[in-house]
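Everything below concerns the one structure shown next.
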Amino acid sequence: MTDEKIIARMQADQEQGWPLCPRCGERMPDKLTYGALSRHAKGVYICEACGTDEAIRDWGGNIEPLSDWVLVRVYNGDLRR
61 MTDEKIIARM QADQEQGWPL CPRCGERMPD KLTYGALSRH AKGVYICEAC
111 GTDEAIRDWG GNIEPLSDWV LVRVYNGDLR R
């Protein structure tokens, strides 16, 4: 699955009420917009802690690949929902 398709699926899951951060798997705020928009998965909300982590990793040049995100691992069958 391409990154674009993965991101579109994450957006659709969030619109349907997926309650967990797609990056770390922790509970998201009740209102998605209280989290953070991912810098690497455009239009996908992540929790505040992951938003901070993405910013620090960007600054250091150490970007976490989309394939390491919890929800992507669920999509790939590596983890269960």
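At position 2 of the sequence shown the residue is numbered 62 (the numbering used here), and the sequence of numbers has no breaks.
We treat Cβ as the ideally placed atom computed from N, Cα and C, and that holds for glycine.
Consult DSSP for residue i and reduce its assignment to one of helix, strand or coil.
i              : result
alanine 180    : In the structure as shown, the chain starts at 61 and stops at 141, and residue 180 therefore has no counterpart that could be examined.
arginine 83    : coil
isoleucine 106 : strand
With a CB to CB cut of under 8 Å and the five nearest residues on each side skipped, what residues in its chain are close to residue i?
i             : result
threonine 112 : Ala96
arginine 117  : Ile123 and Glu124
Residues in the same chain with beta-carbon distance under 7 Å from residue i, minus the five sequence neighbours each way, listed in chain order, please.
i           : result
lysine 102  : Ile67
arginine 87 : Pro79 and Leu80
Inspect the beta-carbon positions of residue i and residue j and report whether they are closer than 8 Å.
i              : j            : result
isoleucine 106 : arginine 83  : yes
histidine 100  : leucine 139  : no
valine 104     : glutamine 71 : yes
Can you have a look at residue i and say buried or exposed, based on whether 16 or more other CB atoms are within 10 angstroms of its CB?
i              : result
methionine 61  : exposed
glutamate 64   : exposed
tryptophan 129 : buried
Measure the C-alpha to C-alpha separation of residue i and residue j and round it to an integer number of angstroms.
i            : j            : result
aspartate 90 : serine 98    : 17 Å
aspartate 73 : tyrosine 135 : 11 Å
Starting from the C-beta of residue i, find all residues in its chain whose C-beta is less than 6 Å away, skip the five residues before and the five after it, and write them out in chain order.
i            : result
arginine 133 : Leu139
cysteine 110 : Cys81, Arg83 and Cys84
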